[in-house]
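Visitor: Everything in the sequence shown is counted per this note's numbering, starting at 4 for the first residue and increasing by one.
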Amino acid sequence: MVSEMREVLGFFMLANGEDPSRATADRASAALDRMEKAVTLGQVAKFTGNEYVDLLKKGTFAACLAWSGGVLQLQADRPDLRFVIPSEGGMRWFDSMIIPRGATNVAAAGDWMNFAYDPANAARITAAVQYVSPVIGTKEALASMGGDNAKLAASPILFPDDATRRRLYFWAGTTPAEEAELQARFSKVSGT
4 MVSEMREVLG
14 FFMLANGEDP
24 SRATADRASA
34 ALDRMEKAVT
44 LGQVAKFTGN
54 EYVDLLKKGT
64 FAACLAWSGG
74 VLQLQADRPD
84 LRFVIPSEGG
94 MRWFDSMIIP
104 RGATNVAAAG
114 DWMNFAYDPA
124 NAARITAAVQ
134 YVSPVIGTKE
144 ALASMGGDNA
154 KLAASPILFP
164 DDATRRRLYF
174 WAGTTPAEEA
184 ELQARFSKVS
194 GT
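1) What are the partner residues of residue 93, as DSSP defines its beta bridges?
2) Within its chain, find whatever has a CB closer than 8 Å to the CB of residue 31; leave out the 5 residues flanking it on each side and keep chain order.
3) Can you round the beta-carbon distance between residue 92 and residue 170 to whole angstroms, since I take them to be within the 8 Å contact cut?
4) How would you label residue 129, buried or exposed, when you count the other beta carbons within 10 angstroms and need 16 or more for buried?
5) With DSSP as the reference, label residue 51 as helix, strand or coil.
6) So for residue 250, helix, strand or coil by DSSP?
7) Grouping DSSP H, G and I as helix and E and B as strand, with all else coil, what is residue 101?
8) Please determine whether the Cβ atom of residue 149 lies at a distance below 8 Å from any heavy atom of the ligand FAD.
9) Within the same chain, show all residues whose beta-carbon is closer than 8 Å to that of residue 47, passing over the 5 residues directly before and after it, in chain order.
10) Where residue 36 and residue 158 are concerned, what is the direct C-alpha to C-alpha distance, given to the nearest angstrom?
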């Protein structure tokens, strides 16, 4: 399993029939209980960062809680690998860009954000990293690029249909203090 608490607890919350976008300390704690039991029973071999990519590539793991882009990138060498969203659902995430208070060059930071959120540039970024883009128009820009990029535009992992999107959740609901407590327990159980 990946070593990101929200994604792993979200996975176990979904397995418990809970909605991770409405997480509470109690529901997340129940998910941690289930995770701890799976670890104790040996159902979880390892918690990793991006090292899971090499382990999947070598065939060390038969199944793994992984990030979509990591699996898409691996498919170039291992076309037999598949990214599957469980019937219970999966976790969504995104990277954020912010301009810190007191930044000395706010205009340049804004220019970078505008550049990265232009659909043509977002398509080039998506082609390179093969992770879901939040930018509207990325799919069309990839398709217009042709070749392997057009194949990415057809990827149901990068561009899930409406039914799949309804099964994807963002983590939300816990307070910073609850998050800190959950992270401490998660780290202890996962060894990360």
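Ideal Cβ positions, reconstructed from N, Cα and C, are used throughout, including at glycine. Note that this is a predicted model, so its numbers are computed, not measured.
Guide: Looking at the atomic coordinates:
1) 171
2) 12, 16, 177, 181 and 185
3) 4 Å
4) buried
5) strand
6) The chain is shown only over 4 to 195; residue 250 falls outside these bounds and no answer can be derived.
7) coil
8) Ligands in the displayed structure: none, and consequently the ligand FAD is not present.
9) 4, 38 and 41
10) 35 Å
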